[in-house]
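Participant:
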Amino acid sequence: GEIEWLQWFAAEDTTGFYDKLVADFEAQHPDITVKLVTQPFGKVRESIVTDNAIGVGSDVLGLNMPWTKEFLDIGILEPLDDYLAREDNSFDTADLIEAPLGKIDGKTWMVPLNAFPFVMHVNMELVRKAGFDAPPSNWEEFAAQAKAISALQDGISGVGMPFSSQPPSNGPILTFLPLLYANGGRIMDGTTPNFDNPKVVETLQFLKDMNDAGSIAPGAASRTGGVDLEEFIAGRTGFLISPGVHSSSITSRNPDLDYTLVRVPSNGEKAYRVHGWELGISADSDNKEDAWTLVNYLLSPEVNAKAAVAANALPGNLAALDVVRKGADKTLIKQIEILEGDTPVEEMRQSPKAAGSWSVMTEELQAMLRGDKSPEEAAAAVQARWLELAQ
Amino acid sequence: MTTRGAPYLFVLPGLVILGALLSVPLYKVVEYSLYDNVIVEHDPTYVGFGNYTTLFSDPSYWSAGFNTVVFTVGSVLGHMIVGIGLALLVNADINARARTFFRSMLVLPWIFTAVVVALNWQLLLNPFGLINYVLQWLGLISEPLDWLGNPDYAMWALLLISTWRGYPFIMVSFLSGLQTVPKELYEAAEIDGAGFWHKFWHVTLPQLKPVIYGVALLDLIWTFQLFPLVWLSTGGGPGRATEVLSTLTFRLAFVDFQFSQAATVAVSILIISAAFTLLYLRNEARRV
Amino acid sequence: MSRIEIRNLVKMYGTHQALHGINISIQPGEFCVLVGPSGCGKSTTLRMVAGLETISDGEIVIGERVVNGLRPKERGIAMVFQNYALYPSKTVYNNMAFSLQLSKMPRAEIDRRVREVAEILELTQLLERKPGALSGGQRQRVAMGRAIVRDPEVFLFDEPLSNLDAKLRGQMRAEIKRLHQRLKNTIIYVTHDQVEAMTLADRIVIMRDGRIEQQGTPDSIFHDPDTVFVAGFMGSPAMNLIDCVVTPDGLRLGETDLVCTTPEGLRAGDRVTFGIRPDDVRPAADLPNGVHATLPVDLIEQLGTEKLLHFRAGPHDLIGKTGGRMDLAEGSAQTLAFDMAHAFFFDADTGRRIR
Amino acid sequence: MSRIEIRNLVKMYGTHQALHGINISIQPGEFCVLVGPSGCGKSTTLRMVAGLETISDGEIVIGERVVNGLRPKERGIAMVFQNYALYPSKTVYNNMAFSLQLSKMPRAEIDRRVREVAEILELTQLLERKPGALSGGQRQRVAMGRAIVRDPEVFLFDEPLSNLDAKLRGQMRAEIKRLHQRLKNTIIYVTHDQVEAMTLADRIVIMRDGRIEQQGTPDSIFHDPDTVFVAGFMGSPAMNLIDCVVTPDGLRLGETDLVCTTPEGLRAGDRVTFGIRPDDVRPAADLPNGVHATLPVDLIEQLGTEKLLHFRAGPHDLIGKTGGRMDLAEGSAQTLAFDMAHAFFFDADTGRRIR
Amino acid sequence: MTEIVWHDSPGRVVNEERRRRWRQLTVYAALTAITFVLVFPILWMVSVSLKPTTETFSLPPRLIPDELHWGGYAKVLADPKFRTFLINSYVVGLAVTFLSLVIGTLAAFAFSRYRFLGDRVAKLFVITTQMVPTITLLIPFFGVIVFLGVYDTLWGLILTYLTFALPYSIVMMNGYLDTIPKDFDEAAAIDGCTPLGVLVRVLLPVAMPGIISTAVYTFLLAWNEFLFALALTRSLDVRTVPVGISMMVGEFGLKWDEMMAFSVIGSLPVLILFMLVQRFVVGGLSAGGVKG
Ligand SMILES: Nc1ncnc2c1ncn2[C@@H]1O[C@H](COP(=O)(O)OP(=O)(O)OP(=O)(O)O)[C@@H](O)[C@H]1O
Ligand SMILES: Nc1ncnc2c1ncn2[C@@H]1O[C@H](COP(=O)(O)OP(=O)(O)OP(=O)(O)O)[C@@H](O)[C@H]1O
Ligand SMILES: [Mg+2]
Ligand SMILES: [Mg+2]
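Those protein sequence lines, which keep their order, are chains A, B, C, D and E.
Take 151 as the starting number for the first sequence in the working numbering and just add one per residue.
Take 295 as the starting number for the second sequence in the working numbering and just add one per residue.
Take 234 as the starting number for the third sequence in the working numbering and just add one per residue.
Take 234 as the starting number for the fourth sequence in the working numbering and just add one per residue.
Take 32 as the starting number for the fifth sequence in the working numbering and just add one per residue.
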């Protein structure tokens with residue numbers, strides 16, 4: 151039969167890869183045709199909901215973990231437990247990265263195509279200029295180095311915080327959460343928001359102190375993730391907290407940059423925020439069998455490895471890791487190290503109203519950095535508004 | 295004229311297309327506003343005007359409403375002032391080729407898609423962007439301002455973008471209108487001793503009042519529900535400093551998946567726009 | 234009351250020369266009418282006096298000042314436009330008061346003046362109306378009022394009556410004449426209606442193709458035209474102008490011979506244009522001692538108190554006149570009398586009068 | 234050539250009744266002119282004949298057919314509009330050819346007809362121009378050509394000349410008259426210019442407030458008006474109409490007594506409107522055997538071949554006439570003669586003629 | 032009377048000319064300055080399109096890059112995908128413009144020339160359809176398009192934009208037709224035209240300026256629309272320029288040079304089109320047809 155695969159992957163820097171992938175799949179499965187539907191990342195979430203409401207939803211869906219709970223509430227996703235339990239799968243479920251598999255409402259809803267651990271990218275040239283010879287590993291060093299870099303000259307800052315309200319306004323989950331997790335904190339208590347806990351406040355306080363010290367690039371409230379990355383590439387910030395996958399953009403676009411990649415500075419805690427491209431099947435699909443055939447194909451170690459390499463990411467099927475490791479450069483090796491050694495955290499999956507919640511975080515963090523609210527007040531405000539949103 | 299059926303035949307294609315495509319959606323939106331949790335729930339419950347009471351007791355609705363008024367009035371004024379001013383300048387007695395050149399250049403802001411316009415202005419208004427750089431160089435500000443990130447300036451920045459984007463429509467309309475003002479009126483005014491401003495106030499404006507009135511009202515209705523430019527430029531932020539009713543609608547619908555609440559806001563916009571439209575129709579009736 | 238001197242006025246529109254050196258000297262208080270066919274440059278001249286067109290060459294003096302560089306408002310003039318150019322959004326009162334308001338005159342004084350002028354023009358009842366609610370004649374009066382209220386040294390009129398119907402035109406004509414008698418301002422008045430020119434002017438300037446063809450009093454223009462153009466232009470119905478050949482004892486008009494005296498200096502065989510007004514061509518019964526000829530009546534136009542008779546004289550249409558109560562049949566041959574005392578002769582080539 | 238019968242024609246605009254039952258019977262080939270002041274319903278009548286307005290009541294017959302329900306194009310008519318309504322985007326040629334093209338006439342035949350009519354109207358040179366590049370008179374001729382080319386049974390004209398200047402108006406008037414003599418179509422012609430009505434019409438219909446006031450030949454209308462309205466409307470300058478009181482031996486005009494005979498049936502003390510045309514009020518020298526009165530000359534208008542004399546008679550302005558070469562001074566008292574043979578008397582209240 | 036001093040004329044003439052010159056010069060200066068400021072953001076876009084992405088954020092900001100970088104253009108021009116987007120946008124834009132002019136003008140003709148039962152209600156309905164923010168209509172409208180079977184086709188987009196553009200076309204064309212005297216209709220009726228013939232053969236040529244400016248508006252509306260273009264299509268070969276541009280805003284950064292290059296390339300034909308038609312936009316209406 152014919153199935154549709156809705157994703158944004160083909161719009162990222164992977165010229166022609168997915169077209170070829172689909173062609174290969176069709177060659178192996180002559181009875182299945184796959185239509186590749188590519189949407190810009192910023193619109194995928196809307197598209198899935200809209201298509202579903204009209205009844206023209208695609209069969210295989212590219213997913214982002216934070217959307218999970220919301221989609222479940224609308225009933226968009228098909229539980230995958232039965233499929234995963236099959237004998238003839240091309241992969242071993244135990245090899246898959248764990249975070250996306252975590253059960254919600256007792257079931258599994260998605261499988262990982264690939265994974266990106268959040269890391270800290272470092273401009274070594276600036277670090278050295280500021281008088282240090284190694285990247286920071288804990289908060290104290292981080293704060294000191296960021297401050298020293300900011301003092302270097304006009305237009306150079308220690309670190310950027312992309313807290314713009316501009317859609318998808320998800321800056322806090324890109325920078326704040328990795329820091330929080332590295333500090334051993336969490337924002338959820340099971341499936342309920344728990345934002346006003348001491349670890350959160352402590353992390354907020356850390357951000358505020360950095361800001362007061364002038365270490366954070368000005369204009370956080372209008373800074374988008376894209377700009378944050380661009381400024382780092384342009385050599386204007388010392389540190390960038392973002393998915394490790396950015397390393398390839400950085401090295402390819404500014405090869406002259408004296409660049410390295412480290413764990414997000416922590417206070418001894420080895421936890422990292424994990425992010426990736428996930429796959430799910432639409433509950434309304436009338437061709438779930440074929441849909442699973444495609445998913446199964448994508449998760450097989452060989453294909454999965456190719457997909458990971460194409461995206462400069464780590465494979466969702468860890469059995470493919472060895473293939474990936476072979477051609478890996480040192481930044482990728484570092485990421486593999488994190489993947490193998492540290493605890494992945496992904497809390498938004500079971501979070502109610504995730505997208506709304508990060509708008510709320512954005513707004514309150516803006517207010518805190520502006521000095522309108524203390525970290526405690528900001529944390530309490532997020533908690534209150536999130537709870538209200540969740541009912 | 296005698297043919298009775300003719301007018302119906304003429305309006306039919308237009309009405310059929312509009313009716314077929316839009317009457318159901320319009321009806322649906324009103325219906326959504328009377329139910330709870332449409333789209334998300336497969337079996338929504340009827341709540342009557344419950345959504346409206348919720349909405350009207352929500353301060354974020356009222357603050358978005360206030361922002362909408364500021365944004366709409368500011369934008370329309372901006373469009374009018376810049377559009378009319380430029381129409382006058384570009385209508386001046388200068389070389390015809392130069393005139394075509396300037397007219398075409400000045401219409402440029404209209405022909406780029408909102409995504410690009412928004413991104414480009416973000417670049418320009420960035421603390422390290424060109425505008426801050428130029429202002430600093432001129433000595434007007436001592437350190438870069440975060441135009442789109444500071445609640446004190448964000449609305450102004452947004453108005454700047456909206457004005458820039460929207461004036462060409464007014465300019466083109468007004469320019470067409472200008473051609474219809476009899477030259478003799480200006481000559482009579484000149485003999486009466488009127489200078490440029492007098493001529494503008496006493497001849498041009500009164501003469502083009504119907505045009506201005508109509509165009510302003512259309513612009514008002516459109517700006518009132520302008521969405522992409524605002525959403526892409528500021529996303530309603532920082533905080534909710536530039537949240538307008540249309541972005542609130544979108545946020546409710548596609549960020550929070552509260553489609554019923556979104557429909558409720560939409561219906562409230564419908565009612566306010568209807569007031570403008572009635573005004574417009576009345577004005578038009580008076581002109582005929 | 235100022236005199237106006239126009240000296241050697243030239244107007245170029247790009248490469249097209251609209252005026253070829255106009256010289257007019259108008260006395261204080263004089264009523265000067267510019268007439269001529271469409272496109273001859275009347276409006277252009279007037280607008281240059283007003284300051285609405287730039288002067289390509291030459292000079293204009295109003296009162297004692299050369300006004301070439303001055304703006305319209307500095308010239309002490311007021312102008313009435315052909316289509317009135319009233320401000321549609323202002324009331325009659327404000328239309329009239331506008332120029333005074335611009336000159337920062339005290340309100341009380343403005344009010345006094347406007348009401349005074351409105352009184353003269355019988356506009357008092359209409360002061361609060363807008364131009365849209367006025368009839369043509371009323372609008373015309375408002376346009377005049379707007380000019381009068383400024384009490385200018387010079388009035389300029391550009392075909393002020395041409396949009397009115399015949400009846401109103403007659404009334405307004407008389408009104409303008411009376412106004413001039415009362416206010417005694419200097420006036421330049423443009424028209425292409427020669428009746429207006431005749432009835433209103435102290436001095437008529439006849440223009441043609443950007444040049445002055447003849448100027449003088451209405452009487453001299455009408456009764457003593459210098460050229461065939463002027464003769465044909467003034468008078469309605471127009472003077473009969475017929476190309477003839479001089480014969481030993483008169484003229485040959487197509488197939489008809491007229492026995493008459495011709496100006497000295499003309500010899501038999503010369504080609505001349507013979508001119509005679511319809512008033513001077515009458516049925517023989519009306520004018521027993523004229524020069525007679527018999528011609529068929531082609532068409533009769535009843536004007537009420539008089540009738541126009543159209544005759545065919547060879548290739549020419551010849552118009553005569555008779556009383557409105559005279560009974561004649563179309564198609565009949567009629568013996569006509571020409572009053573040769575009022576006949577004119579023009580050089581067939583140059584068009585100049587032969588006296 | 235069709236006859237036209239208009240029977241009891243009524244027009245309602247909403248609740249406003251514009252026509253109150255009009256009856257006109259026009260013979261084949263007759264030239265019928267509708268005149269009357271603005272708003273009297275002339276255009277409405279014409280447009281109902283053309284089929285541009287619905288008929289509220291009554292009947293219109295063209296030729297042998299009742300045309301009430303027919304479309305304009307089925308009525309065999311052509312119409313010339315007051316403002317020409319030429320298609321601005323078409324050339325003169327195509328303006329004229331348009332209706333023939335619509336009727337699917339062969340191209341060669343269209344071409345022949347258009348060129349023939351263009352020849353008659355001297356438009357051949359202009360065929361490729363657009364209306365914007367024509368002068369007023371030329372546009373008017375194109376509008377006529379567009380009508381003539383269709384060779385209709387009936388021509389309808391709505392004030393075709395009112396936008397032309399005096400000179401052109403005179404020329405075009407004669408041209409229309411000749412055209413009618415040549416083509417012999419039935420014509421209905423609307424105007425508010427009574428000179429046109431007089432010169433063109435076989436039959437004049439004078440309308441007022443949606444009713445017919447009088448109809449008849451130009452002579453009968455002019456010389457034998459039924460009402461004071463008709464008397465005042467026809468003739469230019471208009472008939473002097475003066476409210477008088479009958480005295481035992483004549484009339485009292487303001488402060489002046491006129492000794493004259495009055496119609497039988499009038500008694501001393503009756504109030505009448507006394508009417509006399511300016512042509513019949515002349516200086517005593519011109520008209521020795523008229524009734525004399527001495528009045529001051531207020532204003533003199535020189536028309537060229539004649540002069541208009543304005544007198545003050547009490548509250549009235551009285552207009553007389555004299556020859557153009559007569560020498561008179563304004564302000565002087567003048568002995569006038571009234572030609573009482575051509576005086577009229579009207580009931581001061583009803584306006585009906587007293588014979 | 033005092034003696035007038037006659038001048039040797041040219042001096043004053045020159046004076047007057049000079050004042051005119053000065054006035055023109057001021058206008059030129061003002062226009063140049065204002066146009067520069069207003070067009071600057073667009074120059075900046077062009078500038079960004081000619082810089083490698085790293086330089087987009089260089090400090091101090093530079094309008095003219097040290098070295099012109101044609102990479103964005105090369106990439107956009109080389110990729111057949113973008114050509115498809117451009118063609119789609121023009122097809123949709125022109126189709127919408129054409130259809131909305133035809134259908135809108137017909138309706139406007141009825142509104143302008145006839146009084147008929149329900150005309151005001153019809154007009155109110157036409158305008159009402161525009162008053163709800165389009166984003167809230169998205170889902171139900173999407174349903175209608177799917178129901179009609181034109182989902183994921185250019186026809187779907189054309190129909191959609193038609194519903195946005197029609198009310199504007201109707202209102203504006205109604206206004207323009209109202210300015211044309213009814214005399215033309217009547218003359219044409221007597222010449223034997225049908226009502227439709229009157230519109231097509233007589234009124235439309237006269238209403239050209241109005242048609243052109245309505246067309247410009249309609250075209251730009253279809254040209255710039257993004258939300259529906261995205262929601263109602265899914266195949267690469269029916270997507271339009273704005274969607275193509277938004278694809279360049281990825282999860283992992285933004286391709287500034289390509290995005291701006293694509294915008295500039297896409298807009299050039301629009302600009303040329305506008306220059307060509309702009310003298311019709313401002314033109315005298317019905318010159319010479321009726322006496323003014
Ligand atoms: N703005 C202009 N540009 C070019 N030529 C012009 C302009 N204005 C007038 N002309 C030309 O100058 C000549 C004189 O024009 P003008 O308006 O003075 O004529 P007029 O005597 O007033 O005629 P009318 O009786 O038709 O008003 C005409 O040939 C006209 O075509
Ligand atoms: N469409 C209309 N609606 C309402 N009343 C109208 C309409 N057309 C004409 N009238 C009225 O009908 C009456 C007759 O109008 P009509 O146009 O026939 O006058 P007219 O004799 O042609 O006048 P004019 O000489 O000014 O052209 C007028 O009182 C006019 O106001
Ligand atoms: Mg003129
Ligand atoms: Mg009429």
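The beta carbon of each residue, even a glycine, is placed where N, CA and C say it ideally should be.
None of the values given here were measured: they were computed from a predicted structure.
Using 8 Å as the threshold, is the C-beta distance between E263 (chain C) and D457 (chain C) below it?
Facilitator: In this structure, D457 (chain C) does not lie closer than 8 Å to E263 (chain C) by Cβ.
Participant: How long is the line joining the alpha carbons of Y121 (chain E) and T165 (chain A), rounded to whole angstroms?
Facilitator: The straight-line gap from Cα to Cα measures roughly 25 Å.
Participant: How about the region 308-317 of chain D and the region 260-275 of chain D: do they share at least three Cβ pairs that are nearer than 8 Å?
Facilitator: With the cut-off at 8 Å, the region 308-317 of chain D and the region 260-275 of chain D do not touch.
Participant: Rounding to the nearest angstrom, what Cα-Cα distance links A284 (chain A) and T410 (chain A) in this structure?
Facilitator: Between A284 (chain A) and T410 (chain A), the C-alpha separation is close to 10 Å.
Participant: Which runs of the alpha helix (DSSP H), 4 residues or longer, sit entirely within the region 314-342 of chain C?
Facilitator: Runs found: 325-335.
Participant: Does the beta carbon of A220 (chain E) come closer than 8 Å to any beta carbon on chain D?
Facilitator: So, interface residue.
Participant: For the putative contact between T502 (chain B) and F548 (chain B), defined by C-beta atoms under 8 Å, what is the C-beta separation to the nearest angstrom?
Facilitator: In the sequence as presented, Thr is not what sits at residue 502 (chain B); that position holds Leu. Their Cβ separation, rounded to whole angstroms, is 41 Å, which puts L502 (chain B) and F548 (chain B) out of contact at 8 Å.
Participant: Would you tell me roughly how many angstroms separate the C-alpha atoms of Y182 (chain E) and L188 (chain E), rounded to the nearest one?
Facilitator: Those two C-alpha atoms are separated by around 8 Å.
Participant: Using the beta-carbon of each residue, which ones in chain B are nearer than 8 Å to Y59 (chain E)?
Facilitator: In chain order: I388 and A392.
Participant: Taking CB distances under 8 Å as the criterion, tell me whether V209 (chain C) reaches chain D.
Facilitator: Residue 209 (chain C) is absent from the structure shown; chain C starts at 234 and stops at 588.
Participant: With 8 Å as the threshold, decide whether the Cβ of T87 (chain E) is near any Cβ in chain A.
Facilitator: Answer yes: the Cβ-Cβ gap between T87 (chain E) and chain A drops below 8 Å somewhere.
Participant: Checking contacts by CB at 8 Å: is T543 (chain B) closer than that to chain A?
Facilitator: No, because no Cβ of chain A sits closer than 8 Å to the Cβ of T543 (chain B).
Participant: Report, in whole angstroms, the separation of the C-beta atoms of R402 (chain C) and L389 (chain C), which I expect to be a contact under 8 Å.
Facilitator: That pair is no contact at about 19 Å.
Participant: Using the C-alpha atoms, what's the distance from D268 (chain E) back to P111 (chain E)?
Facilitator: C-alpha separation (whole angstroms): 10 Å.
Participant: In the DSSP assignment, what are the bridge partners of V266 (chain C)?
Facilitator: Answer is C:Y422 and C:I437, bridged to V266 (chain C).
Participant: Can you grab the Cα-Cα spacing for the pair S235 (chain D) / P261 (chain D), in whole Å?
Facilitator: Looking at the two C-alpha atoms, the distance is approximately 5 Å.
Participant: Along chain B, in chain order, which residues have C-beta atoms closer than 8 Å to that of N316 (chain C)?
Facilitator: The contacting residues are P476 and E478.
Participant: Can you find the residues in the same chain that come closer than 6 Å, C-beta to C-beta, to V243 (chain D), ignoring five residues on each side of it along the sequence?
Facilitator: So the qualifying residues of the chain are L252, G254, S289, D290 and G291.
Participant: Ligand 5 and E392 (chain D): does the residue's C-beta get closer than 7 Å to at least one heavy atom of that ligand?
Facilitator: No copy of ligand 5 occurs in the structure displayed; its ligands are ligand 1, ligand 2, ligand 3 and ligand 4 alone.
Participant: Give the single residue among D:T432, D:L433, D:D582 and D:V461 whose Cα lies nearest to the Cα of E446 (chain D).
Facilitator: For E446 (chain D), the nearest C-alpha among the options comes from D:V461.
Participant: Does L573 (chain B) come within less than 8 Å of chain A when only Cβ atoms are used?
Facilitator: Judged by the 8 Å Cβ criterion, L573 (chain B) is not in contact with chain A.
Participant: Is the Cβ-Cβ distance between M399 (chain B) and V70 (chain E) less than 8 Å?
Facilitator: Yes; because the gap between Cβ atoms is below 8 Å, this pair is in contact.
Participant: Apply the 10 Å Cβ neighbour rule to R406 (chain D) and answer buried if 16 or more other Cβ atoms are within range, or exposed otherwise.
Facilitator: Classification of R406 (chain D): buried, given that the 10 Å Cβ count is 16 or more.
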